[in-house]
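These notes concern the structure reproduced below.
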Amino acid sequence: MRSNLFAKMKDRIKDLLDEIDNFNADSLDNVEAFRIKFLGSKGILKDLFTNFKNVDVCENKDIGQSLNNLRKTETDKVNALKNSLENSSQDKSNYGDLTRPAEPINLGSRHPISIVKNKIIDVFSRIGFTVSEGPEIEDDWHNFTALNLPEYHPARDMQDTFFIEKDPDILLRTHTSSVQVRYMENHKPPIRTISPGRVFRNEDISARAHCIFHQVEGLYIDTDVSFADLKQTLLYFTKEMFGKSKIRLRPSYFPFTEPSAEVDIYWGLETETDYKITKGTGWLEIMGCGMVDPNVLENANIDPLVYSGFAFGMGIERIAMLLYQIPDIRMFYENDVRFLKQFKLVI
Ligand code: DAH
Numbered sequence: 005m006r007s008n009l010f011a012k013m014k015d016r017i018k019d020l021l022d023e024i025d026n027f028n029a030d031s032l033d034n035v036e037a038f039r040i041k042f043l044g045s046k047g048i049l050k051d052l053f054t055n056f057k058n059v060d061v062c063e064n065k066d067i068g069q070s071l072n073n074l075r076k077t078e079t080d081k082v083n084a085l086k087n088s089l090e091n092s093s094q095d096k097s098n099y100g101d102l103t104r105p106a107e108p109i110n111l112g113s114r115h116p117i118s119i120v121k122n123k124i125i126d127v128f129s130r131i132g133f134t135v136s137e138g139p140e141i142e143d144d145w146h147n148f149t150a151l152n153l154p155e156y157h158p159a160r161d162m163q164d165t166f167f168i169e170k171d172p173d174i175l176l177r178t179h180t181s182s183v184q185v186r187y188m189e190n191h192k193p194p195i196r197t198i199s200p201g202r203v204f205r206n207e208d209i210s211a212r213a214h215c216i217f218h219q220v221e222g223l224y225i226d227t228d229v230s231f232a233d234l235k236q237t238l239l240y241f242t243k244e245m246f247g248k249s250k251i252r253l254r255p256s257y258f259p260f261t262e263p264s265a266e267v268d269i270y271w272g273l274e275t276e277t278d279y280k281i282t283k284g285t286g287w288l289e290i291m292g293c294g295m296v297d298p299n300v301l302e303n304a305n306i307d308p309l310v311y312s313g314f315a316f317g318m319g320i321e322r323i324a325m326l327l328y329q330i331p332d333i334r335m336f337y338e339n340d341v342r343f344l345k346q347f348k349l350v351i
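Read in this note's numbering, the sequence shown has 157 at position 153, and its numbers run on one by one without any break.
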């Protein structure tokens with residue numbers, strides 16, 4: 005016959021094993037409380053081992069084994085719960101929730117100056133123009149003298165220059181016309197090239213002017229090139245670029261072309277903005293152009309008796325301001341994302 009105490013203790017141990025088996029925890033604190041409840045200095049096992057002293061000698065081997073088993077089961081459970089909670093919190097910090105949908109990737113956008121520059125290149129490359137580039141730091145010869153602007157020429161004052169060195173003069177190019185000269189020095193006609201690039205002028209910064217801006221220069225040299233070729237090329241350009249097919253050429257003066265002209269396009273007077281940007285005339289000036297001066301050809305070792313050509317130059321900022329209705333040139337250089345992200349869809 006088993007004693008009453010034996011039966012009671014066996015039942016209690018069985019219940020406790022069930023409790024351990026069913027226990028689950030969602031935090032390390034819960035696991036610790038569960039450990040203390042069983043294994044703490046005032047815990048259940050401590051109590052049971054105290055009772056164990058009263059068990060009959062012939063029964064205490066069985067109860068002793070059951071108690072040791074209970075302690076081991078509790079210890080294993082606590083360790084297993086701790087491990088799994090610690091691992092899962094590490095997983096979270098490394099990978100986040102792997103089942104969440106991915107964050108949308110934030111795409112950047114092209115700068116409006118790049119968009120307009122690429123469009124100009126695209127339009128001219130369709131009629132056989134190549135793209136050429138030259139240095140931003142120039143010498144006096146390529147920026148001025150070879151372009152028919154000798155020393156003391158009054159037109160030099162039209163382009164306030166940043167000088168880097170004096171005698172011989174080294175400067176930041178004031179226009180991309182300098183690339184014309186370099187290209188002619190290195191290539192034989194026929195020549196068809198456009199030269200986009202950054203230019204520098206010592207000017208006060210305002211809504212309409214900046215000391216750094218961008219231009220595209222164009223140069224066409226061959227036998228029998230006439231002013232009519234220039235006009236048709238510009239007409240093609242304005243149609244493709246702006247969708248406008250009415251232009252006019254106003255006589256003007258540039259030292260490197262003769263005759264010279266400024267190109268206006270008829271923008272229209274349909275909206276209030278049209279009135280504003282054309283000052284109520286409907287016409288807008290977009291570039292300078294002309295037939296390359298024979299002196300310039302000669303300076304680049306091209307015989308002006310055999311060859312003739314035309315050249316043109318335009319400001320990229322000015323065209324971008326027109327196309328996108330940008331009111332202040334400084335916006336191009338501030339890199340404010342609220343400004344830049346508006347050009348996402350216009351590539
Ligand atoms: N270089 C001139 C400027 O910066 C623009 C220009 C006018 C270029 C007439 C040309 C041209 O090639 O023929 O204002």
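The beta-carbon is built from N, C-alpha and C at its ideal position, and this holds for glycine as well. These numbers were taken from a predicted model, which means no experiment stands behind them.
Nearest by alpha-carbon distance to residue i: which of the options is it?
| i | options | result |
| --- | --- | --- |
| Ser282 | Met295, Asp268 and Gly294 | In the sequence under discussion, the amino acid at residue 282 is Thr, which differs from the Ser named in the question. Among Met295, Asp268 and Gly294, the Cα nearest to that of Thr282 is on Asp268. |
| Leu253 | Glu244, Met13 and Leu239 | Leu239 |
| Pro259 | Thr77, Ala106 and Pro298 | Pro298 |
| Asp144 | Gly132, Thr134 and His157 | His157 |
| Ile24 | Thr103, Ser210 and Leu49 | Leu49 |
| Ile17 | Leu32, Gly44, Asn55 and Asn339 | Asn55 |
| Lys280 | His191, Glu321 and Pro331 | Pro331 |
| Glu338 | Ile216, Phe10 and Leu89 | Ile216 |
| Ser312 | Leu301, Ile117 and Ile320 | Leu301 |
| Glu244 | Thr180, Ser129 and Ile209 | Ser129 |
| Glu321 | Asp307, Lys235, Arg202 and Gly284 | Arg202 |
| Asn58 | Ser7, Asp226 and Lys348 | Ser7 |
| Ser199 | Glu63, Phe133 and Gln346 | Phe133 |
| Leu151 | Ile168, Thr178, Asp171 and Glu169 | Thr178 |
| Ile333 | Pro105, Val229, Ile209 and Ile251 | Ile209 |
| Met162 | Leu153, Ile109 and Phe42 | Leu153 |
| Thr180 | Tyr270, Ser249 and Met318 | Met318 |
| Asn91 | Ser31, Asp80 and Lys348 | Ser31 |
| Asp173 | Tyr270, Thr149, Ser45 and Thr261 | Thr149 |
| Ala315 | Val229, Ile67, Ala106 and Arg160 | Val229 |
Please return the same chain residues whose Cβ sits closer than 6 Å to the Cβ of residue i, not counting the five positions on each side in sequence.
| i | result |
| --- | --- |
| Ala29 | Val35 and Leu85 |
| Leu326 | none |
| Pro266 | The question names Pro, yet the displayed sequence has Glu at residue 266. Contacts found: Arg254, Ser256, Glu289 and Gly292. |
| Ala213 | Glu207 |
| Asn64 | none |
| Met335 | Phe343 |
| Ala304 | Val185, Met188 and Glu189 |
| Lys14 | none |
| Lys250 | Tyr270 |
First and last residue of the beta strand (DSSP E) that includes residue i?
| i | result |
| --- | --- |
| Phe217 | Ile216 to Asp226 |
| Ile131 | Taken as a continuous stretch (DSSP letters only), Ile131 belongs to no beta strand (DSSP E), as it is neither H nor E. |
| Thr352 | No answer is possible for residue 352: the residues shown for the chain start at 5 and end at 351. |
| Thr237 | No beta strand (DSSP E) holds Thr237; the alpha helix (DSSP H) holding it covers Phe231 to Phe246. |
| Thr296 | The amino acid at residue 296 is misidentified as Thr; the sequence shows Val. Unbroken beta strand (DSSP E) run through Val296: Trp287 to Val296. |
| Tyr270 | Thr261 to Tyr270 |
| Arg254 | Ile251 to Phe258 |
| Glu155 | That residue, Glu155, is in no beta strand (DSSP E); it is neither H nor E in DSSP. |
| Leu175 | Ile174 to Leu176 |
| Phe167 | Phe167 to Glu169 |
Return the first residue and the last residue of the alpha helix (DSSP H) that residue i is part of.
| i | result |
| --- | --- |
| Arg16 | Asn8 to Asn26 |
| Ala48 | The displayed chain sequence assigns Ile, not Ala, to residue 48. Per DSSP, Ile48 belongs to the alpha helix (DSSP H) from Ile48 to Phe56. |
| Ala324 | Ile320 to Tyr328 |
| Ala37 | Leu32 to Leu43 |
| Pro200 | Counting along the chain, Pro200 falls outside any alpha helix (DSSP H), though it belongs to the beta strand (DSSP E) covering Ile195 to Phe204. |
| Asp144 | Asp144 to Asn147 |
| Glu338 | Met335 to Glu338 |
| Glu189 | Ser181 to Asn190 |
| Phe343 | Val341 to Leu344 |
Report all residues from its chain with a CB closer than 7 Å to the CB of residue i; omit the five preceding and five following residues, and keep chain order.
| i | result |
| --- | --- |
| Phe166 | Leu175, Leu176, Phe204 and Asn206 |
| Leu21 | Leu74 and Thr77 |
| Gly272 | Asp278 and Gly286 |
| Arg146 | The sequence shown places His at residue 146, rather than the Arg named in the question. Hits under 7 Å: Ser182, Val185 and Arg186. |
| Leu344 | Ser113 and His115 |
| Phe53 | Leu71 |
| Phe38 | Phe27, Ala29 and Val82 |
| Gln329 | Thr277 |
| Ala324 | Pro116, Ile117, Val120 and Ile330 |
| Val350 | Low confidence applies to Val350: its pLDDT is 45, below 50, so where it sits in the model is not reliable enough to give any reading. |
| Arg196 | Gly132, Phe133, Thr134 and Tyr224 |
| Thr227 | Val310 and Tyr311 |
| Leu9 | Asn58 and Val59 |
Excluding the 5 residues flanking residue i on each side, which residues of the same chain have their C-beta closer than 8 Å to its C-beta?
| i | result |
| --- | --- |
| Pro263 | Phe231, Pro255, Gly294 and Met295 |
| Lys41 | Gly47 and Ile48 |
Chain D beta carbons: is any one of them nearer than 8 Å to that of residue i?
| i | result |
| --- | --- |
| Ile216 | You won't find chain D in this structure, because it holds only one protein chain. |
Checklist entry - Around the ligand DAH, what residues have a beta-carbon under 5 Å from a heavy atom of it, in chain order? => result His179, Ser181, Phe258, Thr261, Gly292, Cys293, Gly294, Ala315 and Gly317
Next on the checklist: Would the segment 124 to 138 count as touching the segment 173 to 192 if we require 3 or more Cβ pairs under 8 Å?
Outcome noted: yes
Next on the checklist: Closer than 8 Å is the cut-off here; do at least three beta carbon pairs connect the segment 110 to 124 with the segment 218 to 234?
Outcome noted: yes
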